[in-house]
């Protein structure tokens, strides 16, 4: 049986975003929410725990549940950047969309995406730029689940990340981002665009954006020429 609490949590989030609620307002009582959503107390408590984990509400024993934020902060992005996010550039950056096309993943690409062959996606190919450099600092292929193809045409004019646009337009919450980075040569087809030699050193970064059920709704593959990046980690001995 499918668990109901993620659906209820998302419905409450949609109500918070509707504009009627304000930070500091009190949520209805547990009994009222049970009646509103025709759900048991354990289901409502699980939904509340989910909203609390996302930073949307504040719960204290013996006190009313209050609204802390009207939309979930992208905490997963901050968590990934704690040791130096590979897409954290000096200065503002922006995308330039090169191509948007439907695609079906073959076996070779499925292996790179860590996904299944035959799945239908919308492929958004784009370069990333910064003010101080004429050449693009990276290339990214964004694979957006074909069920959400309607938002693809909005991406060129959207300043934020694609997953944020997906959350805004559809009842989808990206719960987890998984990132893998490996050394890779610059593919010959991208060398001229990135203004490097074919086979030059680069990092290939795969990010997969998963919903509450663990399904990947977006997968991105980025090629990042080595000249643009350093990855720095500080290890500090803990005092006894």
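Residue numbers (our numbering): 754 to 993.
Glycine included, C-beta positions come from ideal geometry on N, C-alpha and C.
Here the structure is a predicted model, which means the values were calculated and not measured.
Given residue i as reference, the closest of the options once Cα atoms are compared
i: residue 858; options: 870, 817, 809, 917; result: 870
i: residue 976; options: 959, 965, 963, 967; result: 959
i: residue 807; options: 889, 763, 791; result: 763
i: residue 881; options: 772, 757, 981, 761; result: 981
i: residue 902; options: 912, 890, 822, 923; result: 923
i: residue 810; options: 788, 846, 781; result: 781
i: residue 789; options: 846, 765, 778; result: 765
i: residue 900; options: 910, 815, 925; result: 925
i: residue 846; options: 785, 891, 964; result: 891
Residue i and residue j closer than 8 angstroms at C-beta
i: residue 894; j: residue 876; result: yes
i: residue 853; j: residue 905; result: yes
i: residue 796; j: residue 757; result: yes
i: residue 978; j: residue 939; result: yes
i: residue 955; j: residue 937; result: yes
i: residue 896; j: residue 918; result: no
i: residue 964; j: residue 927; result: yes
i: residue 805; j: residue 812; result: yes
CA-to-CA distance, residue j to residue i, given in whole angstroms
i: residue 863; j: residue 973; result: 12 angstroms
i: residue 970; j: residue 915; result: 11 angstroms
i: residue 948; j: residue 957; result: 17 angstroms
i: residue 770; j: residue 823; result: 6 angstroms
i: residue 773; j: residue 761; result: 18 angstroms
i: residue 873; j: residue 856; result: 6 angstroms
Counted within 10 angstroms of its Cβ, other Cβ atoms place residue i as buried (16 or more) or exposed
i: residue 885; result: exposed
i: residue 835; result: Residue confidence for residue 835 is low, a pLDDT of 32 falling below 50, so the modelled location carries little weight; the figure read from the coordinates is stated next. Result: exposed.
i: residue 800; result: buried
i: residue 848; result: buried
i: residue 907; result: exposed
i: residue 920; result: buried
i: residue 814; result: exposed
Counterpart residues of residue i in DSSP-defined beta bridges
i: residue 959; result: 933, 974
i: residue 846; result: 883
i: residue 938; result: 954
i: residue 873; result: 857
i: residue 896; result: 876, 972
i: residue 824; result: Answer by DSSP bridge pairing: none, since residue 824 is not bridged.
Chain C within 8 angstroms of residue i, Cβ atoms only
i: residue 765; result: The structure shown contains no chain C, having only a single protein chain.
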